[in-house]
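As structure tokens, the structure follows; a few thoughts come after it.
2 protein chains.
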Amino acid sequence: VGEFEHIAKIRRLAEKTTLPGESVRLGIGDDCCLVAAGSDQEFALSTDTIVEGVHFRLDYFSYYQVGVKAAAAAISDLAAMAAEPVGSLAAVSISESAAESALEDLASGLIDTCEKYGCPLLGGDLTRSPSPLVATVTVIGKLPAGTAIRRSTARPGDEIWVTGSPGDAAAVLAVLENARGGCGPRPQVTEEQAARLHEPVPRLAEARLLRNYGLATAMIDISDGVAADLNHILESSGCGALLFGDRLPVSEFSRSVAGNLALRPEHFLLYGGEDFELLFTSGQQAVQKHLAGLRKKSHTSFTLIGRITDKIGELAIIRENGRLEQVEKTGFDHFKKPETTNRKESS
Amino acid sequence: VGEFEHIAKIRRLAEKTTLPGESVRLGIGDDCCLVAAGSDQEFALSTDTIVEGVHFRLDYFSYYQVGVKAAAAAISDLAAMAAEPVGSLAAVSISESAAESALEDLASGLIDTCEKYGCPLLGGDLTRSPSPLVATVTVIGKLPAGTAIRRSTARPGDEIWVTGSPGDAAAVLAVLENARGGCGPRPQVTEEQAARLHEPVPRLAEARLLRNYGLATAMIDISDGVAADLNHILESSGCGALLFGDRLPVSEFSRSVAGNLALRPEHFLLYGGEDFELLFTSGQQAVQKHLAGLRKKSHTSFTLIGRITDKIGELAIIRENGRLEQVEKTGFDHFKKPETTNRKESS
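Below is the structure:
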């Protein structure tokens, strides 16, 4: 049983036994839950864990970067609902044998990142752990009641858009993992490229623009790859999707790493997450009208990559030659065996 | 450097870099942080981690009980501020080699406990971990603005009260740890006693009564023992305390286990936590007037155990013969070496 099946089972358990009270507007199953805060606001909350050896390795992540990544990954869930950060809580289990400075570096990475995005650290829990390092960050955001952008509200005919060039973080990871093994091709990684993995930027500003312009019908942040995360929208919304193979915003870097590994150019975009770009759906031509403004105000690219269809559960890609291919819907799955996953770090 | 010093350092870092925004009413340093929710309410939030081999062992905790304990420990932080539960988020890192049923049992324990206390599970994150099992639960509670009972508001002259008989969970743990080693005395543990460790009861009802009667001037839940947790109140409030040695509500069971281990009768009450009783301060004679009602409505005992003094930082105990002794202020400290801690499981 894979992670997603486990989560589905737990969700069913939780839904069976819990009825939302007056305060609960949305429970398990989206990037955040929603809780009423007064008459006209809602709080959005999400919790996100990163584990040494699963989400990062300490031989190419500094403790500071672990703190940055843990905070950014959690804050990205607020962006995915278009919520404004309010604050965060962190729980860290760290080895007793870790250097004196390790915990301070990690805390500095956490606190700096929380501060940078207006999501100050308001509490936490610290535990000695035999191993490995585990950091869980819970974020609290707020937004006007009823304005959260959910996964479940995409409609057939909607356009599918992404910010930036998803897959870059996974491409960096592939390079670092190959270098680590001491074999295979070793393309250069610039500092800017490495930052895509080590210090991802939650797309809060982009989400705010989308909310203000009323553009997104559904949204998610890309943590497991376009295929897996788009599929979450499809399952929640009861739709299918067709991706335009020639329009995917694959960076030159990501394409080159994929080529060196004999993978398709779009491999990391489809199956590698962790750069936390946004994927959203929008009514036809709606984004186009605001595209110049979106790009100018956010300094981020927005790319139309496909269309929502009424073929429930079908995720396909149309190639330049017109051929339709089914896309495997999985991304990185912590509970699957290494040979069936797409990411090097799972082995 | 011990855990408490680490936390103090992180707190200073966080305080230096973060200014509470309009929404943040209370940051790091109490059982919960407080965030404004509309004009007349506040949300209280806390995060709590339990780690295999540190907070529990799987040879005398079932997965179900781990779930119960993780949820109860977190919900207890809401009781400590006298907040009403709204919902919870759980992050679990579990070994890939754990049995198929383990995760479901753990989730059931979590979900049942959250449901039991009106704190439904609203979201979560699930990760494969090489080892050990780590469960982090974040709880959200609410209360009328300004009514949270903090640690920092005890005043010299206030009475010090506790609910129930703190230390029972630590006594059970001592019995189980001794049985585990295959040596030492093995007193019988009844199911009811064992439940004090395995399925602690967050004192929500008692906290609600204290809030409604306006009785508590400061409050904390006892997770590390009366000595360490009372000391948190003393440090936050800038006071000292004198405990009445002949009035401590040590259960017969806890006294007997301590005796068998050649420890003082009050050892587990002072230095063992995890049964999550409440410790609170109150104006003179204030509780006495409501004592019958408190006991009848909550079915829990309330015991006067001491007095807040103006001797800043001094924690003393007065013995039956009138002798004053200083009390060591430490409880269980995850970052200290085994020989300096008071709990068996730390070794």
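Chains C and Z are the protein sequences, given in the same order.
Position one of the first sequence corresponds to residue 4 (this note's numbering), numbered consecutively onward.
Position one of the second sequence corresponds to residue 4 (this note's numbering), numbered consecutively onward.
Heads up, the beta-carbon is just placed ideally off N, CA and C, and yes, glycines get one too.
D51 of chain Z versus chain C: which residues are under 9 Å apart at the beta carbon? Listed by position along chain C, the residues whose Cβ is nearer than 9 Å to that of D51 of chain Z are A94, D128.
Run through DSSP, which three-state label would C242 of chain Z get? coil
Assign A85 of chain Z to one of three DSSP states: helix, strand, or coil. coil
Whole angstroms are fine: how far does the CA of E45 of chain Z sit from the CA of V140 of chain C? Between the alpha carbons of V140 of chain C and E45 of chain Z lies a gap of roughly 21 Å.
Is it the case that the segment 60-71 of chain C contacts the segment 27-34 of chain C, given that we only count it when at least three CB pairs across the two stretches are under 8 Å? no
Can you find a CB in chain C that lies within less than 8 Å of the CB of S240 of chain Z? no
Strictly under 8 Å for the Cβ-Cβ distance: is C36 of chain Z near chain C by that measure? yes
In three-state DSSP terms, what is I225 of chain C? coil
Please classify Q291 of chain Z as buried or exposed, where buried requires at least 16 neighbouring CB atoms within 10 angstroms. exposed
Opposing strand residues paired with K145 of chain Z [DSSP bridges]: Z:F46, Z:E87
Entirely enclosed alpha helix (DSSP H) segments - the segment 46-78 of chain Z, minimum 4 residues: none
Which of the three DSSP states, helix, strand or coil, is assigned to L136 of chain Z? coil
Do we get a CB-CB distance below 8 Å when we pair R131 of chain C with the residues of chain Z? yes
Within-8 Å CB hit, V175 of chain Z to chain C: no
Between which residues of its own chain and R211 of chain Z is the CB-CB distance below 8 Å, once the five residues before and five after are set aside? Closer than 8 Å at the Cβ level, and outside the excluded window around R211 of chain Z, lie A85, E87.
Does the separation of the CB atoms of I223 of chain Z and L282 of chain Z fall below 8 Å? Going by C-beta atoms, I223 of chain Z is nearer than 8 Å to L282 of chain Z.
Just to confirm, are I236 of chain C and T312 of chain C a CB contact at a threshold of 8 Å? Contact check for I236 of chain C against T312 of chain C fails: the beta carbons are separated by 8 Å or more.
Ends of the beta strand (DSSP E) at E118 of chain C? Annotation for E118 of chain C: no beta strand (DSSP E) segment contains it, though the alpha helix (DSSP H) segment containing it runs 103-119.
If you draw a straight line from the C-alpha of E317 of chain C to the C-alpha of E202 of chain Z, how long is it? 45 Å
Does T166 of chain C come out as helix, strand or coil in the three-state DSSP assignment? strand
Contacting residues, own chain, Cβ-Cβ under 6 Å from T280 of chain C (five flanking each side not counted): Note that residue 280 of chain C is Glu in the sequence shown here, rather than Thr. Closer than 6 Å at the Cβ level, and outside the excluded window around E280 of chain C, lie V165, T166, G167, P169, I225.
Within the present structure, is the beta-carbon of G149 of chain Z separated from the nearest heavy atom of the ligand FAD by less than 7 Å? As presented, the structure is devoid of all ligands, the ligand FAD included, so that no description of it is given.
Taking only beta-carbon atoms, is K72 of chain C less than 8 Å away from chain Z? no
Would you report the Cα separation of R346 of chain Z and D43 of chain C, rounded to the nearest angstrom? Note that R346 of chain Z has pLDDT 34, beneath the 50 cutoff, so the model's placement of it is unreliable and the number below is only indicative. Roughly 49 Å separates the two Cα atoms.
Residue range of the alpha helix (DSSP H) that L266 of chain Z falls in? No alpha helix (DSSP H) holds L266 of chain Z; DSSP gives it neither H nor E.
If you draw a straight line from the alpha carbon of F338 of chain Z to that of P268 of chain C, how long is it in whole angstroms? Residue confidence is low: F338 of chain Z scores 48 on pLDDT, short of 50, so the model does not pin down where it sits. No coordinate-derived value is stated.
How about I40 of chain Z and K145 of chain Z: do their beta carbons lie closer than 8 Å? The residue you asked about is not Ile; residue 40 of chain Z is Ala in the sequence shown. Yes, the Cβ-Cβ distance between A40 of chain Z and K145 of chain Z is below 8 Å.
What are the boundary residues of the beta strand (DSSP E) that L282 of chain Z is part of? 281-285
Span separating the alpha-carbon of P252 of chain Z from that of A110 of chain Z: In a straight line, the C-alpha of P252 of chain Z is about 34 Å away from that of A110 of chain Z.
With burial defined as no fewer than 16 other Cβ atoms inside 10 Å of the residue's Cβ, what is the status of I315 of chain C: buried or exposed? exposed
Could you tell me whether the Cβ atoms of A138 of chain Z and A101 of chain Z are closer together than 8 Å? no
So, are the CB atoms of S239 of chain C and D171 of chain C less than 8 Å apart? Not in contact: S239 of chain C and D171 of chain C (Cβ atoms no closer than 8 Å).
Can you tell me the Cα-Cα spacing of G56 of chain Z and P133 of chain C, whole angstroms? Distance between G56 of chain Z and P133 of chain C, taken at the CA atoms: about 8 Å.
Terminal residues of the continuous beta strand (DSSP E) containing G30 of chain Z? It is not in any beta strand (DSSP E) - G30 of chain Z carries neither H nor E in the DSSP assignment.
Spatial neighbours of D62 of chain Z in its chain, beta-carbon cut-off 7 Å, leaving aside the 5 residues before and after: R183
Out of Z:L200, Z:L129, Z:Q196, state which residue places its alpha-carbon closest to the alpha-carbon of V54 of chain C. Z:L129
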